[in-house]
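Residue numbers (this note's numbering): 792 to 1107.
Positions of the beta carbon are idealized from the N, C-alpha and C atoms, including for glycine.
Quick caveat: nothing in here was measured; it's all calculated off a predicted structure.
Here the structure is laid out as C-alpha coordinates; the discussion comes afterwards.
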Amino acid sequence: MPNPSSVARPRIGLALGGGAARGWAHMGVIRALHEAGIKPDIVAGTSVGAIVGAMFCSGHLEAFEGWVRDLTRRDVIGYMDFALGNGGFIQGRRLMERFHEAFGVQRFDALALPLGVVATDLYSGQERWLQKGDLATAVRASMALPGLFTPVQVNAEWLVDGGLVNPVPVSLCHAMGADRVIAVNLNDGLLGRRIQSPIEKSASQASTASAEDSEGGWLHWLSAGFKDRAEALQAQFRRGSEQTSPGVFDVIATAVNVMQDRITRSRMAGDPPDLLISPQLAEIGLLEMHRGAEIIEEGYASVQRMDAAIAAFRAH
(Lines of atoms letter the chains of each structure in order from A and count residues from 1; the text may use other names and numbers.)
(Lines give C-alpha, C1' and ligand atoms only; values in the text may rest on other atoms or scores of the structure.)
Protein backbone atom coordinates (compact mmCIF):
# COMPACT_ATOMS: atom_id res chain seq x y z
CA MET A 1 0.00 0.00 0.00
CA PRO A 2 1.27 3.49 -0.76
CA ASN A 3 2.45 5.66 2.04
CA PRO A 4 -0.30 8.28 2.67
CA SER A 5 2.35 10.96 2.98
CA SER A 6 3.59 10.17 -0.53
CA VAL A 7 0.17 10.49 -2.18
CA ALA A 8 0.00 13.73 -4.15
CA ARG A 9 -2.53 16.28 -2.95
CA PRO A 10 -5.33 16.98 -5.45
CA ARG A 11 -4.65 20.11 -7.46
CA ILE A 12 -7.17 22.79 -6.54
CA GLY A 13 -8.47 25.17 -9.19
CA LEU A 14 -10.13 28.50 -8.43
CA ALA A 15 -12.63 29.79 -11.01
CA LEU A 16 -13.19 33.53 -10.55
CA GLY A 17 -16.35 34.72 -12.28
CA GLY A 18 -17.15 38.00 -13.99
CA GLY A 19 -19.30 40.80 -12.62
CA ALA A 20 -17.47 44.14 -12.98
CA ALA A 21 -17.26 45.97 -9.61
CA ARG A 22 -18.74 42.95 -7.84
CA GLY A 23 -15.46 41.19 -8.64
CA TRP A 24 -13.72 42.91 -5.75
CA ALA A 25 -15.46 40.22 -3.66
CA HIS A 26 -12.95 37.72 -5.04
CA MET A 27 -10.30 39.21 -2.77
CA GLY A 28 -12.37 38.56 0.33
CA VAL A 29 -13.10 35.03 -0.87
CA ILE A 30 -9.41 34.26 -1.45
CA ARG A 31 -8.43 35.64 1.95
CA ALA A 32 -11.12 33.58 3.72
CA LEU A 33 -10.13 30.41 1.83
CA HIS A 34 -6.50 30.96 2.79
CA GLU A 35 -7.48 31.30 6.46
CA ALA A 36 -9.44 28.03 6.11
CA GLY A 37 -6.30 26.31 4.85
CA ILE A 38 -7.31 26.13 1.19
CA LYS A 39 -4.65 27.33 -1.25
CA PRO A 40 -5.40 27.14 -5.00
CA ASP A 41 -2.81 25.70 -7.36
CA ILE A 42 -4.49 26.94 -10.57
CA VAL A 43 -6.57 30.03 -11.26
CA ALA A 44 -8.94 30.82 -14.13
CA GLY A 45 -10.65 34.18 -14.44
CA THR A 46 -13.31 35.84 -16.52
CA SER A 47 -13.51 39.65 -16.78
CA VAL A 48 -12.85 41.15 -13.34
CA GLY A 49 -11.98 37.63 -12.23
CA ALA A 50 -9.03 37.85 -14.61
CA ILE A 51 -7.86 41.07 -12.93
CA VAL A 52 -8.02 39.66 -9.41
CA GLY A 53 -6.55 36.37 -10.64
CA ALA A 54 -3.57 38.19 -12.13
CA MET A 55 -2.93 40.00 -8.87
CA PHE A 56 -3.23 36.80 -6.85
CA CYS A 57 -0.99 34.75 -9.14
CA SER A 58 1.65 37.49 -9.20
CA GLY A 59 1.77 37.82 -5.42
CA HIS A 60 0.36 41.35 -5.36
CA LEU A 61 -3.12 40.65 -4.00
CA GLU A 62 -2.60 42.26 -0.59
CA ALA A 63 -1.28 45.50 -2.09
CA PHE A 64 -4.03 45.43 -4.72
CA GLU A 65 -6.69 45.06 -2.04
CA GLY A 66 -5.33 48.13 -0.28
CA TRP A 67 -5.53 50.08 -3.55
CA VAL A 68 -9.12 48.96 -4.14
CA ARG A 69 -10.20 49.85 -0.62
CA ASP A 70 -8.86 53.38 -1.11
CA LEU A 71 -10.62 53.99 -4.44
CA THR A 72 -12.94 56.98 -4.51
CA ARG A 73 -15.58 57.92 -7.04
CA ARG A 74 -13.21 60.56 -8.40
CA ASP A 75 -10.46 57.94 -8.82
CA VAL A 76 -12.81 55.69 -10.77
CA ILE A 77 -13.76 58.53 -13.10
CA GLY A 78 -10.08 59.30 -13.67
CA TYR A 79 -9.47 55.77 -14.94
CA MET A 80 -12.38 55.91 -17.38
CA ASP A 81 -10.74 56.82 -20.69
CA PHE A 82 -13.92 57.47 -22.65
CA ALA A 83 -13.73 56.67 -26.37
CA LEU A 84 -17.02 57.25 -28.13
CA GLY A 85 -17.14 55.83 -31.64
CA ASN A 86 -14.59 53.04 -31.02
CA GLY A 87 -16.91 50.16 -30.25
CA GLY A 88 -17.58 51.16 -26.65
CA PHE A 89 -17.68 54.00 -24.13
CA ILE A 90 -14.44 53.09 -22.31
CA GLN A 91 -11.09 51.85 -23.62
CA GLY A 92 -9.68 50.43 -20.37
CA ARG A 93 -6.06 51.20 -21.28
CA ARG A 94 -5.65 53.74 -18.50
CA LEU A 95 -6.74 51.23 -15.88
CA MET A 96 -4.40 48.56 -17.21
CA GLU A 97 -1.51 51.04 -17.29
CA ARG A 98 -2.19 51.86 -13.65
CA PHE A 99 -2.09 48.17 -12.73
CA HIS A 100 1.24 47.78 -14.53
CA GLU A 101 2.74 50.84 -12.86
CA ALA A 102 1.62 49.87 -9.37
CA PHE A 103 2.09 46.11 -9.43
CA GLY A 104 4.49 45.34 -12.28
CA VAL A 105 2.34 42.55 -13.73
CA GLN A 106 3.55 41.99 -17.29
CA ARG A 107 3.49 38.47 -18.74
CA PHE A 108 1.85 35.13 -17.99
CA ASP A 109 5.18 33.30 -17.75
CA ALA A 110 6.27 35.60 -14.90
CA LEU A 111 3.40 34.53 -12.64
CA ALA A 112 3.98 32.36 -9.58
CA LEU A 113 0.81 30.30 -10.25
CA PRO A 114 -0.72 29.19 -13.55
CA LEU A 115 -3.44 31.58 -14.75
CA GLY A 116 -5.94 31.24 -17.56
CA VAL A 117 -8.09 34.11 -18.84
CA VAL A 118 -11.36 33.76 -20.76
CA ALA A 119 -12.34 36.05 -23.64
CA THR A 120 -14.77 35.81 -26.57
CA ASP A 121 -14.10 36.22 -30.28
CA LEU A 122 -16.56 38.96 -31.19
CA TYR A 123 -17.34 37.72 -34.70
CA SER A 124 -17.22 33.93 -34.36
CA GLY A 125 -18.59 33.80 -30.83
CA GLN A 126 -15.96 31.24 -29.92
CA GLU A 127 -14.42 31.03 -26.47
CA ARG A 128 -10.75 31.96 -26.23
CA TRP A 129 -8.43 30.81 -23.44
CA LEU A 130 -5.50 33.19 -23.02
CA GLN A 131 -2.51 31.77 -21.14
CA LYS A 132 0.55 33.21 -22.87
CA GLY A 133 2.02 36.58 -23.78
CA ASP A 134 1.12 40.01 -22.47
CA LEU A 135 -1.05 39.77 -19.37
CA ALA A 136 -2.54 43.28 -19.50
CA THR A 137 -3.80 42.75 -23.05
CA ALA A 138 -5.43 39.45 -22.09
CA VAL A 139 -7.09 40.94 -19.01
CA ARG A 140 -8.36 43.96 -20.91
CA ALA A 141 -9.85 41.66 -23.57
CA SER A 142 -11.51 39.49 -20.94
CA MET A 143 -13.23 42.51 -19.35
CA ALA A 144 -14.31 44.23 -22.60
CA LEU A 145 -18.05 44.21 -21.96
CA PRO A 146 -19.71 44.87 -25.36
CA GLY A 147 -21.14 48.35 -25.66
CA LEU A 148 -19.30 49.61 -22.59
CA PHE A 149 -15.61 48.74 -23.09
CA THR A 150 -13.93 48.75 -26.49
CA PRO A 151 -12.91 45.38 -28.02
CA VAL A 152 -9.24 44.33 -27.93
CA GLN A 153 -7.35 42.93 -30.91
CA VAL A 154 -5.36 39.78 -30.14
CA ASN A 155 -3.82 37.64 -32.89
CA ALA A 156 -5.96 39.25 -35.62
CA GLU A 157 -9.17 38.64 -33.64
CA TRP A 158 -11.33 41.21 -31.89
CA LEU A 159 -11.94 39.92 -28.39
CA VAL A 160 -14.58 40.93 -25.88
CA ASP A 161 -15.79 39.93 -22.42
CA GLY A 162 -15.40 36.23 -21.61
CA GLY A 163 -18.65 36.38 -19.67
CA LEU A 164 -20.53 36.10 -22.95
CA VAL A 165 -19.54 32.43 -23.18
CA ASN A 166 -18.11 31.36 -19.80
CA PRO A 167 -19.00 33.64 -16.86
CA VAL A 168 -17.52 31.27 -14.24
CA PRO A 169 -14.64 29.34 -15.89
CA VAL A 170 -14.84 25.96 -14.18
CA SER A 171 -14.10 24.22 -17.49
CA LEU A 172 -10.85 26.14 -17.94
CA CYS A 173 -9.68 25.11 -14.46
CA HIS A 174 -10.25 21.48 -15.37
CA ALA A 175 -8.49 21.92 -18.70
CA MET A 176 -5.49 23.40 -16.90
CA GLY A 177 -5.17 20.30 -14.74
CA ALA A 178 -7.27 20.99 -11.65
CA ASP A 179 -8.59 17.90 -9.88
CA ARG A 180 -11.08 19.84 -7.78
CA VAL A 181 -12.54 23.26 -8.49
CA ILE A 182 -13.86 26.05 -6.29
CA ALA A 183 -16.05 28.46 -8.25
CA VAL A 184 -17.07 32.00 -7.31
CA ASN A 185 -20.31 33.19 -8.92
CA LEU A 186 -20.90 36.94 -8.61
CA ASN A 187 -24.31 37.01 -10.29
CA ASP A 188 -26.46 35.18 -7.78
CA GLY A 189 -29.76 36.92 -7.05
CA LEU A 190 -29.35 39.69 -9.64
CA LEU A 191 -32.37 39.00 -11.82
CA GLY A 192 -35.31 41.23 -11.05
CA ARG A 193 -33.08 43.97 -9.66
CA ARG A 194 -32.88 47.32 -11.42
CA ILE A 195 -29.32 48.62 -11.21
CA GLN A 196 -29.03 52.38 -10.81
CA SER A 197 -26.27 53.85 -12.93
CA PRO A 198 -23.41 55.90 -11.44
CA ILE A 199 -24.58 58.94 -13.42
CA GLU A 200 -28.13 58.60 -12.16
CA LYS A 201 -26.91 58.21 -8.61
CA SER A 202 -24.73 61.27 -8.95
CA ALA A 203 -27.75 63.31 -10.07
CA SER A 204 -30.10 61.99 -7.39
CA GLN A 205 -27.58 62.53 -4.62
CA ALA A 206 -26.41 65.97 -5.75
CA SER A 207 -28.02 67.80 -2.84
CA THR A 208 -26.30 65.63 -0.23
CA ALA A 209 -23.07 64.82 -2.03
CA SER A 210 -19.75 65.30 -0.32
CA ALA A 211 -17.26 67.88 -1.55
CA GLU A 212 -15.43 65.15 -3.37
CA ASP A 213 -18.56 63.92 -5.16
CA SER A 214 -19.86 67.39 -6.03
CA GLU A 215 -16.51 68.38 -7.52
CA GLY A 216 -15.84 65.09 -9.27
CA GLY A 217 -19.31 63.67 -9.97
CA TRP A 218 -20.19 61.98 -13.24
CA LEU A 219 -22.57 64.71 -14.47
CA HIS A 220 -20.05 67.50 -13.93
CA TRP A 221 -17.24 65.50 -15.51
CA LEU A 222 -19.25 64.53 -18.56
CA SER A 223 -20.53 68.06 -19.08
CA ALA A 224 -17.03 69.48 -18.88
CA GLY A 225 -15.53 66.79 -21.07
CA PHE A 226 -18.08 66.54 -23.84
CA LYS A 227 -20.13 69.77 -23.64
CA ASP A 228 -22.10 69.67 -26.88
CA ARG A 229 -22.81 65.92 -26.49
CA ALA A 230 -23.20 65.84 -22.70
CA GLU A 231 -27.00 65.99 -22.61
CA ALA A 232 -27.43 63.22 -25.19
CA LEU A 233 -24.76 61.08 -23.51
CA GLN A 234 -26.28 61.49 -20.04
CA ALA A 235 -29.64 60.37 -21.37
CA GLN A 236 -28.09 57.08 -22.42
CA PHE A 237 -27.20 56.34 -18.80
CA ARG A 238 -30.66 56.98 -17.36
CA ARG A 239 -32.75 54.11 -16.12
CA GLY A 240 -36.02 53.38 -17.86
CA SER A 241 -39.45 53.78 -16.29
CA GLU A 242 -43.09 53.51 -17.30
CA GLN A 243 -42.80 56.92 -18.97
CA THR A 244 -39.33 56.79 -20.48
CA SER A 245 -37.36 54.24 -22.46
CA PRO A 246 -34.23 52.74 -20.84
CA GLY A 247 -30.84 54.21 -21.63
CA VAL A 248 -27.84 52.29 -22.89
CA PHE A 249 -26.47 51.61 -19.42
CA ASP A 250 -29.76 50.16 -18.17
CA VAL A 251 -30.06 47.95 -21.24
CA ILE A 252 -26.47 46.70 -21.01
CA ALA A 253 -26.54 46.08 -17.26
CA THR A 254 -29.88 44.26 -17.28
CA ALA A 255 -29.07 42.23 -20.40
CA VAL A 256 -25.72 41.17 -18.96
CA ASN A 257 -27.38 40.04 -15.73
CA VAL A 258 -29.89 37.90 -17.63
CA MET A 259 -27.30 36.48 -20.00
CA GLN A 260 -24.71 35.61 -17.40
CA ASP A 261 -27.26 34.06 -15.07
CA ARG A 262 -28.58 31.76 -17.80
CA ILE A 263 -25.15 30.85 -19.17
CA THR A 264 -23.74 30.20 -15.70
CA ARG A 265 -26.59 27.84 -14.86
CA SER A 266 -26.14 25.98 -18.12
CA ARG A 267 -22.37 25.67 -17.92
CA MET A 268 -22.38 24.56 -14.29
CA ALA A 269 -25.05 21.95 -14.94
CA GLY A 270 -22.71 20.29 -17.42
CA ASP A 271 -19.47 20.92 -15.53
CA PRO A 272 -20.26 21.55 -11.84
CA PRO A 273 -17.62 22.79 -9.41
CA ASP A 274 -16.79 20.88 -6.25
CA LEU A 275 -17.55 23.96 -4.18
CA LEU A 276 -19.65 26.96 -5.23
CA ILE A 277 -19.35 30.31 -3.44
CA SER A 278 -21.98 32.96 -4.19
CA PRO A 279 -21.50 36.38 -2.53
CA GLN A 280 -24.74 38.36 -2.26
CA LEU A 281 -24.08 41.53 -4.26
CA ALA A 282 -27.36 42.43 -5.91
CA GLU A 283 -27.16 46.00 -4.61
CA ILE A 284 -23.81 46.67 -6.31
CA GLY A 285 -23.86 48.33 -9.74
CA LEU A 286 -21.54 47.29 -12.55
CA LEU A 287 -19.26 50.34 -12.24
CA GLU A 288 -19.42 51.00 -8.49
CA MET A 289 -15.76 50.20 -8.04
CA HIS A 290 -15.46 52.79 -5.26
CA ARG A 291 -17.46 50.49 -2.94
CA GLY A 292 -14.52 48.12 -2.66
CA ALA A 293 -14.42 47.76 1.13
CA GLU A 294 -18.00 46.53 1.51
CA ILE A 295 -17.74 44.29 -1.57
CA ILE A 296 -14.55 42.64 -0.29
CA GLU A 297 -16.10 42.07 3.13
CA GLU A 298 -19.14 40.37 1.58
CA GLY A 299 -16.80 38.07 -0.32
CA TYR A 300 -15.08 37.17 2.95
CA ALA A 301 -18.40 36.67 4.73
CA SER A 302 -19.74 34.46 1.94
CA VAL A 303 -17.01 31.91 2.69
CA GLN A 304 -17.53 32.11 6.44
CA ARG A 305 -21.22 31.32 5.94
CA MET A 306 -20.15 28.02 4.34
CA ASP A 307 -18.21 26.52 7.24
CA ALA A 308 -19.74 23.05 6.84
CA ALA A 309 -19.16 22.97 3.07
CA ILE A 310 -15.59 24.22 3.49
CA ALA A 311 -14.89 21.52 6.06
CA ALA A 312 -16.33 18.85 3.74
CA PHE A 313 -14.22 20.14 0.86
CA ARG A 314 -11.06 19.95 2.93
CA ALA A 315 -11.90 16.44 4.11
CA HIS A 316 -11.95 14.98 0.59
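Are the Cβ atoms of V943 and A932 separated by less than 7 Å?
yes
Is the beta carbon of F1040 closer than 7 Å to that of L1066?
no
Could you spell out where the alpha helix (DSSP H) holding L886 opens and where it closes?
884-894
In terms of residue numbering, what span does the beta strand (DSSP E) encompassing V944 cover?
The sequence given here has Gln at residue 944, not Val. Q944 -> beta strand (DSSP E) spans 943-945.
Applying the criterion that 16 or more other CB atoms from any shown protein chain within 10 Å of the CB defines a buried residue, is R971 buried or exposed?
buried
When DSSP labels each residue in this structure, what does E856 get in the three-state scheme?
helix
Helix, strand or coil for R898, going by three-state DSSP, please let me know.
strand
For D1062, which three-state DSSP category applies?
coil
So, for Q897: in the same chain, excluding its five sequence neighbours on each side, which residues have a beta-carbon less than 8 Å away from its beta-carbon?
H891, D925, L926, A927
Under 7 Å, do H851 and F894 count as touching if we go by C-beta distance?
yes
Quick one: what's got a C-beta closer than 8 Å to A827's C-beta in the same chain, skipping five residues either side?
V1094, I1101, R1105
By DSSP's criteria, V909 is part of a beta bridge. Which residues make up the other side?
T837, W920
V975 bridges to which residues according to DSSP?
L807, I1068
Straight-line CA distance for S915 to L950?
10 Å
Compare the C-alpha of P831 against each of S1057, N957, L807 and name the closest.
L807
Compare the C-alpha of I1087 against each of G938, V820, K923, L921 and name the closest.
V820
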